[in-house]
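Report on the structure given below.
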Amino acid sequence: MIPYDVKQECLWIVKGYSRRAKEREQLPQDVQRIKAVEYALIQVGQDIQDQDARQRLRNAIVLNCGSGKKYPFERLAVDGFSRRDFYRRKDKFLFSVAKYMGIA
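Sequential numbering of the sequence shown, starting at 13, is according to the numbering used here.
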C-alpha cells in the first residue's frame with residue numbers, strides 16, 4: 013500500500029502531466045515528471061491482451077487521477093474491470109510514478 017502523503021504527491025504529478033506535456037519549453041523537473049507518468053502508463057495493464065481495453069484503462073486512470081470527483085469509477089465506463097480491480101491498478105500506477113520519482 014502506498015502511503016497517503018506519497019499518493020497525494022503522485023496525484024499532483026499526474027494532474028500536471030497533461031499541461032506539462034503540451035508545453036514547448038519545460039524545466040528539467042517537469043521533464044522528469046512527464047517521464048514518470050509515461051513510464052507508469054506503460055506499466056499499467058501489461059497483462060491485458062486487448063490493446064483497446066488497455067488504452068481505455070490507462071485513459072480512465074489519468075482522468076480519475078485528475079479529478080476523482082468529476083470522474084469516479086462509475087462514470088469512466090471501463091468495461092471488464094471491477095471497481096476494486098480498477099482502484100488496485102490505479103494504486104499500482106501511482107506507485108510506479110512514486111518509484112520513478114524516487115519518493116517511494
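The C-beta atom is built at its ideal place from N, Cα and C for all residues, glycine as well. What you are looking at is a predicted structure, and each value in this text was computed from that prediction instead of being measured.
**Item:** Three-state secondary structure (DSSP) of I115
**Value:** Locating residue 115 in the sequence shown gives position 103, counting from the first residue. In the three-state scheme derived from DSSP, where H, G and I count as helix and E and B as strand, I115 is classed as coil.
Margin query: Considering only the alpha carbon of each residue, which of F107, K111, C77 and L69 lies closest to F93?
Written below: Here residue 93 refers to the residue found at position 81 of the sequence shown. Nearest of F107, K111, C77 and L69 to F93, Cα basis: L69.
| query | Where V18 and Q61 are concerned, what is the direct C-alpha to C-alpha distance, given to the nearest angstrom? | reply | The count along the sequence shown starts at 1 and reaches residue 18 at position 6. The count along the sequence shown starts at 1 and reaches residue 61 at position 49. V18 and Q61: Cα-Cα distance of roughly 30 Å.
Q | Sequence-distant residues of the same chain with beta carbon closer than 6 Å to A52, five excluded per side | A | Here residue 52 is taken as the residue at index 40 of the sequence shown, counted from 1. Result list for A52: F105, S108 and V109, in chain order.
(request) Please say whether K27 and G78 have beta carbons closer to each other than 8 Å? (result) Residue 78 sits at position 66 when you count from the first residue of the sequence shown. Residue 27 sits at position 15 when you count from the first residue of the sequence shown. Taking 8 Å as the Cβ cut-off, G78 and K27 qualify as a contacting pair.
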